[in-house]
Amino acid sequence: MSEQSTHDAYAEKAKSTFSAERKEDYFVLAVAAVTVVLVLTGVIGPTFVKSLFF
Amino acid sequence: MGSAGGGGIGVEFSLANLPKMLPGLILCAIFGWMALQWDATMGKWNTHFKEAEKVLKAANEGKAPANYAEYKQKHADSFAKKTEEFKAAQETYKAAKAAGDKSVKEPKKPSKPTTLAESEFNSVAQAKAIPGNLSFGNLMISFQLTYVAMLLLVGMLIRNTVGIPEIFKAGTVAARPLIKPGIIILGAYYMWSDVLKVGVFGLALVVAFVMGTQILISFWARRSKVDSGLACVMGAGVGVCGVSAAVAVAPVVNAKPRDFFYAIGTILLFGTLGLFTFPYIGKALGMSDPVFGAWVGTAILNTAQLVAAASWYSHESLLTANVINIVRVGFIPLIVLWAIYFYVVKPAVDAGHEGQKINVMEVVTSKFPIFVFGFFIMVTMNEFGFFTPEHRSILAHELLKLFFAIGFAGVGLNIAFDDLKKAGGTAFFIGVVSGTLKAVLAAIAVMAIGGDAFRVKG
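Chains A and B, in that order, are what the protein sequence lines are. Going by our numbering, the first sequence opens with residue 128, and the numbers climb by one from there. Going by our numbering, the second sequence opens with residue 274, and the numbers climb by one from there.
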């Protein structure tokens, strides 16, 4: 593999990795926001998690 | 974050990919639920074991209650007395607060006393033997075999024996980032004073050890004539954030594919070893919870692994490790900038050529992990009183565990020995020496600084 094609392959890999991580960050921010809203509005209350287990 | 950790390498989050991810996500949710159920059961058996020991001691001294009804009544009376005392202390606190007196501390609500079940009580008081299940629970807790350990160990065992069917693979990879919403909502527990206090010490640790590792490896490699590409990838990987940092700097320095994969293998191997050994080393060295949190936040290579190790140790360790980690991941853009300067700009300038111009803002905005803003928003909301103690408990204890359990299931199911076997060559030597050195020096530093500096009060 030539130096240029190696560089291009890594550059492409780095770009796609960080693009995926940025999307992932937006996703986790959205999940966290929804969770907080559900807790603040009382939809998820103190018995919610306990009710999931025996 | 690495592929054995919580990074986004492998599966892109999009609606189109959802059907592909769903089976694996469901599998991780089921595993997570089973592990939390295990945790709750072992925790209950462990507390009952301790109560049974008290009853056994009283029985041996002839002071045990005559029967179960008397035993229950004694506990109920004791709890009622504590509740009355709490109410009185609460009134005093309210009055003092209204008068501007800050010397009176807010009283803690008494927790319900642990009461043995009738069969357990009879076994202890009459047969003078602690039931086997309670002893088992105590044994599991003393070996730190909590939900974190179960998910990682059982997940790793499954992955490397029977394997994961193809249909589940994408989802198990996609489950790992679910650790991040947990990190964000944990922000509901902190005040800014905590973040700033621990953050300042964390910053000093990160500068000293994380940046230090990168710089040390750079100069060491130059003196030993190790390929600059390999040195840069290892410095970024071992110093900062595992595979993501290695991927970020590889194109900067034209790392060779073989060296790159050796480096990734070594980073994964070292991180996995740290994850499974550090909690036991911490206990053996007698590290307090905040000290252990500070240590893993500095010495373990990626977010998922250090969150798992800290959660394995205790919730208080997690609180400290989380702040150090937030500081650490903020350093990824700086590491990339360092790599561009040290491996591209400086050699060009030294050789008399014009150095490449660095677009600092472009590097910072493209490489900064934006999920940390969610954490800062949560801390700010807590500071402004958005969360009641009940909200904080639900977010920072209960829901946090749900997210972590699903994420850790994904981490465990993706620890593949085949990936770890890829460690080798010079990368292995550099990684193990620098990673171990960093861990040892960081342990000495955090133990010398002491737990108070790293304690999160909430």
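Yeah, the Cβ is synthetic: ideal placement off N, Cα and C, and Gly gets one too.
Collapsed DSSP secondary structure at E663 (chain B) in the structure displayed: Correct three-state label for E663 (chain B): helix.
Three or more C-beta pairs below 8 Å linking the stretch 152 to 161 of chain A and the stretch 638 to 657 of chain B: These segments touch.
Three-pair Cβ contact test at 8 Å for the stretch 402 to 410 of chain B versus the stretch 167 to 176 of chain A: Too few Cβ pairs lie closer than 8 Å, so no.
Minimum C-alpha distance to K354 (chain B) - residue among B:G335, B:N333, B:P383 and B:K378: Selection B:G335, B:N333, B:P383 and B:K378 evaluated against K354 (chain B) yields B:P383 as nearest (Cα-Cα).
Classification of W465 (chain B) by the beta-carbon crowding that lies within 10 angstroms, buried from 16 upward: Exposed, by the Cβ-count rule.
Exposed unless 16 or more other CB atoms sit within 10 angstroms - verdict on I679 (chain B): By the C-beta density criterion, I679 (chain B) is buried, having at least 16 other C-beta atoms within 10 angstroms.
Cβ contact check for the stretch 365 to 382 of chain B and the stretch 290 to 298 of chain B: 3 or more pairs under 8 Å: With a cut-off of 8 Å, the stretch 290 to 298 of chain B and the stretch 365 to 382 of chain B do not count as touching, because too few Cβ pairs lie within range.
Chain A contact for P450 (chain B) (CB, 8 Å cutoff): At a cut-off of 8 Å between C-beta atoms, P450 (chain B) counts as an interface residue with respect to chain A.
Which of helix, strand or coil DSSP assigns to V564 (chain B): Collapsing the DSSP output to three states places V564 (chain B) in a helix.
Three CB pairs or more closer than 8 Å across the stretch 428 to 443 of chain B and the stretch 561 to 580 of chain B: The stretch 561 to 580 of chain B and the stretch 428 to 443 of chain B do not touch, with fewer than three beta-carbon pairs separated by less than 8 Å.
Nearest-angstrom Cα separation, counted from F304 (chain B) out to F286 (chain B): Approximately 21 Å between the Cα atoms of the pair.
Neighbouring residues, chain B, relative to T162 (chain A) (Cβ below 9 Å): Residues of chain B passing the Cβ test: P454, I457, I458, L668, L672 and F676.
Where P386 (chain B) falls, given that 16 or more other Cβ within 10 Å makes a residue buried: Counting Cβ neighbours within 10 Å, P386 (chain B) comes out exposed, since fewer than 16 surround it.
Nearest-angstrom Cα separation, counted from V569 (chain B) out to A557 (chain B): A557 (chain B) and V569 (chain B) have their C-alpha atoms roughly 15 Å apart.
is_contact[V166 (chain A), chain B] using C-beta, thresh 8 Å: Yes, its Cβ sits closer than 8 Å to a Cβ of chain B.
Through-space distance from I599 (chain B) to I605 (chain B), alpha-carbon basis: Looking at the two C-alpha atoms, the distance is approximately 11 Å.
Status (buried if at least 16 other CB within 10 Å, exposed otherwise) for A390 (chain B): Flag for A390 (chain B) reads exposed.
For S491 (chain B), the nearest candidate out of B:S501, B:V483 and B:F482 (CA to CA): Minimum Cα-Cα distance from S491 (chain B) among the listed residues B:S501, B:V483 and B:F482 corresponds to B:S501.
Chain A contacts from the stretch 464 to 481 of chain B (Cβ-Cβ distance under 7 Å): If the cut-off is 7 Å between Cβ atoms, the stretch 464 to 481 of chain B has nothing near chain A.
Coarse secondary structure for M429 (chain B), derived from DSSP in three states: Here M429 (chain B) sits in helix by DSSP.
Three-way DSSP call (helix, strand, coil) for G559 (chain B) in this model: In this structure, DSSP gives G559 (chain B) a state outside helix and strand, which the three-state scheme calls coil.
R728 (chain B) burial status per 10 Å Cβ neighbour count (16 or more: buried): Using a 10 angstroms sphere on the CB of R728 (chain B), the tally of other CB atoms reaches 16 or more, which defines it as buried.
Residue-level contact to chain B via CB, V158 (chain A), 8 Å cutoff: So, interface residue.
Short CB-CB distance (under 8 Å) between V182 (chain A) and chain B: Residue numbering for chain A in the displayed model covers 128 to 181; residue 182 (chain A) lies beyond these limits and cannot be assessed.
Cβ-Cβ distance between A712 (chain B) and G475 (chain B) below 8 Å: The answer is no: Cβ separation not under 8 Å.
Inter-residue CB distance, I452 (chain B) and L668 (chain B) (contact presumed, cutoff 8 Å): Rounded, the Cβ-Cβ distance is 15 Å, inconsistent with contact.
Residue range of the alpha helix (DSSP H) that includes V622 (chain B): Segment K619 to D623, the alpha helix (DSSP H) holding V622 (chain B).
Test: V170 (chain A) CB closer than 8 Å to a CB of chain B: Closer than 8 Å to the CB of V170 (chain A) there is not a single CB belonging to chain B.
Where P454 (chain B) falls: helix, strand or coil (DSSP): Here P454 (chain B) sits in helix by DSSP.
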